[in-house]
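Protein chains in written order, with our numbering: chain E, 8 to 105; chain F, 76 to 444.
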Amino acid sequence: MCLGIPGKIVEVYEIDGTRMGKVNFDGIVKEICLSFVPEAEVDDYTIVHVGFGITKVDEESATETLALMKEMGVLEAELDATAALAEEEAIAAGKERK
Amino acid sequence: MKYLDEYRDPEVARKLFDEIDRITTQHWVLMEVCGGQTHSIIRNGIDKLLNKNIELVHGPGCPVCVTPLDTIDKALAIAAREDVIFCSFGDMLRVPGSTQDLFQVKGNGGDIRIVYSPLDAIKIAKDNPNNEVVFFGIGFETTAPANAMSVYQAKRMGLTNFSMLVSHVLVPPAIKAVLSSPVNRVQGFLAAGHVCSVMGYAEYVPIVEEYGVPIVVTGFEPIDVLEGIRQTVTQLEAGIASAENAYPRAVNFDGNKAAQELIADVFKTTDRNWRGIGMIPGSGWELSDRYADFDAAQRFDVGDIDTKEPEICRSGEVLQGLIKPNECEAFGKECTPRKPLGATMVSSEGACAAYYTYGRFIEIEGVPT
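Written out as structure tokens, the structure reads:
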């Protein structure tokens, strides 16, 4: 639950007065709330938790962490709620087949 | 992964294991607070490769695991209502309530949606003005800024069909509860890295002073965990106790001020029941009076709920670090991730799930597992 994924900020903008942006996680780009990292700008890296930047982080450690997460296969699962649902449904289907 | 050469940076890992070997002269019991760290330790075999004098016990830092049963039952009752779209993080769906789980409610026609971010639930509320949209707001301090922001946005946008079932929990009171237990064995803590990204670690200083135990802010990658262990053992061997930071790339002493300000506006401190552990004073956040209208527990009168835990489940002892998951008689037998008796077997951060996933069944002396 407290997993944080570092990503690179590629765009910063406001939606209804809230600081938002696009963040690139090793090729997966998501819209992220940047209200809590007001100092982070385009090309900076931030650790993202449930759609929110919670702290800035340097590029070297961010890319190392991303590589490790990709290797462990947690990156896509964490970023994609639909994938998580599909997995849950597959498990449930397995349960019913038993 | 049980061998050093499988680490991303085996040389750094080897140096840390060697250094911990060098400084360790006696048995020490360390607790990693966060479930993410537990998984990193078990997955990477850190507990196996570590000096045998260092015992790691697993802490209560899994929000999915400690969300109280009556809150799960309330979630089930609300999610089953015809007018409700119930939004939740994915890991909550298979957490057992007294009689069923959210996944079964969904199977019976409940409109339950897994969201990545609490702001997704706000969007769903905006798009479905004729439904009540309820977000299951659980988590530790790491998740609180995000959950707080969704309630703040709902109020600002005048979204009257959005509410949150809140069950937030806090790390420092849990550490104090572990230390205050008459059966406590823990001599040092690895504090949860991202909790401290938000909150900083100033609040651990008085705990260190009161109880005389080292608390070291620690990250999640194997090297981070080893560095946290090294710093904790260094303190223990020197007979000192201080709050230190072994995860400086993501944590500073004061934490994230912007996040803390919004948390202070949206939430207030409350006593919280922890599943398997019991009531810990001042260990939770609930909505502050300014945001009381958004409290799903008030909006939906789900009444008194009669809760029932399975008797053979020992997840409470696991969560307090009193037993290891594979010491429970039901582990891997009646209780598996597919048919969990307790939440610690469900969550991707639960200690029982970690032991099951990485094959840590009961160890027989001399037989490697």
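We put the beta carbon where it would ideally sit given N, CA and C, even for glycine. Bear in mind the structure is a predicted one, so any value in this text is a computation, not a measurement.
Which of helix, strand or coil DSSP assigns to residue i
i	result
F/Ala-229	helix
F/Pro-85	helix
F/His-133	strand
F/Asn-401	helix
F/Ala-267	strand
F/Thr-382	coil
F/Ile-250	helix
F/Tyr-286	helix
F/Thr-127	In the sequence as presented, Thr is not what sits at residue 127 of chain F; that position holds Lys. F/Lys-127 falls in the coil class under three-state DSSP.
E/Thr-70	helix
F/His-114	helix
E/Phe-59	strand
F/Ser-242	strand
E/Tyr-20	strand
F/Gly-330	coil
F/Lys-90	helix
E/Glu-103	Low confidence applies to E/Glu-103: its pLDDT is 45, below 50, so where it sits in the model is not reliable enough to give any reading.
Inter-residue spacing [alpha-carbon to alpha-carbon] between residue i and residue j
i	j	result
F/Ile-213	F/Leu-151	15 Å
E/Met-79	E/Gly-28	27 Å
F/Asp-299	F/Glu-409	35 Å
F/Val-87	F/Leu-301	10 Å
F/Asn-126	F/Gly-120	12 Å
F/Phe-211	F/Leu-240	5 Å
F/Glu-278	F/Ala-223	21 Å
F/Asp-340	F/Ser-363	7 Å
F/Asp-329	F/Gly-357	21 Å
F/Phe-237	F/Phe-369	7 Å
F/Lys-399	F/Val-393	6 Å
F/Glu-384	F/Arg-89	44 Å
F/Asp-195	F/Gly-407	36 Å
F/Thr-309	F/Val-421	35 Å
F/Arg-389	F/Cys-403	6 Å
F/Val-326	F/Thr-293	9 Å
F/Tyr-276	F/Glu-94	26 Å
F/Ile-199	F/Asp-122	43 Å
E/Pro-45	E/Arg-26	8 Å
F/Lys-96	E/Thr-70	According to the sequence shown, residue 96 of chain F is Asp rather than Lys. Going from the Cα of F/Asp-96 to the Cα of E/Thr-70 covers about 30 Å.
Distance between beta carbons of residue j and residue i, contact taken as under 8 Å
i	j	result
F/His-269	E/Ile-61	7 Å
F/Ala-318	F/Val-273	That pair is no contact at about 16 Å.
F/Asn-348	F/Pro-143	4 Å
F/Ala-371	F/Val-209	5 Å
Contact with chain F by residue i, beta-carbon distance below 8 Å
i	result
E/Val-57	yes
E/Gly-34	no
E/Lys-29	no
E/Thr-70	no
E/Asp-51	no
E/Gly-11	yes
E/Leu-82	no
E/Leu-73	no
E/Ile-61	yes
E/Ile-16	no
E/Leu-86	yes
E/Val-64	yes
Neighbour flag for residue i against chain E, beta carbons, 8 Å
i	result
F/Cys-109	yes
F/Met-224	yes
F/Pro-247	no
F/Thr-444	The predicted position of F/Thr-444 is uncertain, since its pLDDT is 44 and thus under 50; a value taken from the coordinates is nonetheless stated next. It does not; no Cβ of chain E falls within 8 Å.
F/Val-341	no
F/Ala-334	yes
F/Ala-316	no
F/Ser-192	yes
F/Phe-215	yes
F/Ala-272	According to the sequence shown, residue 272 of chain F is Ser rather than Ala. Judged by the 8 Å Cβ criterion, F/Ser-272 is in contact with chain E.
F/Thr-293	no
F/Thr-218	yes
F/Arg-83	yes
F/Glu-296	yes
F/Asn-206	no
F/Asn-128	no
F/His-269	yes
F/Ala-325	yes
F/Ala-150	no
F/Asn-320	no
F/Asn-331	yes
F/Ala-221	yes
How about the region 321 to 339 of chain F and the region 115 to 123 of chain F: do they share at least three Cβ pairs that are nearer than 8 Å?
-> no
Are three or more beta carbon pairs between the region 23 to 43 of chain E and the region 53 to 60 of chain E nearer than 8 Å?
-> yes
Count the C-beta pairs between the region 288 to 295 of chain F and the region 256 to 264 of chain F that are closer than 8 Å, then say yes if the count reaches three, no if not.
-> By the Cβ rule, the region 288 to 295 of chain F counts as touching the region 256 to 264 of chain F, because three or more pairs are nearer than 8 Å.
Decide if the region 187 to 194 of chain F is in contact with the region 154 to 163 of chain F; the criterion is three or more beta carbon pairs, one per stretch, under 8 Å apart.
-> The region 187 to 194 of chain F and the region 154 to 163 of chain F touch, with no fewer than 3 CB-CB distances between them shorter than 8 Å.
Pairing CB atoms from the region 167 to 175 of chain F with CB atoms from the region 242 to 253 of chain F, are three or more of them under 8 Å?
-> no
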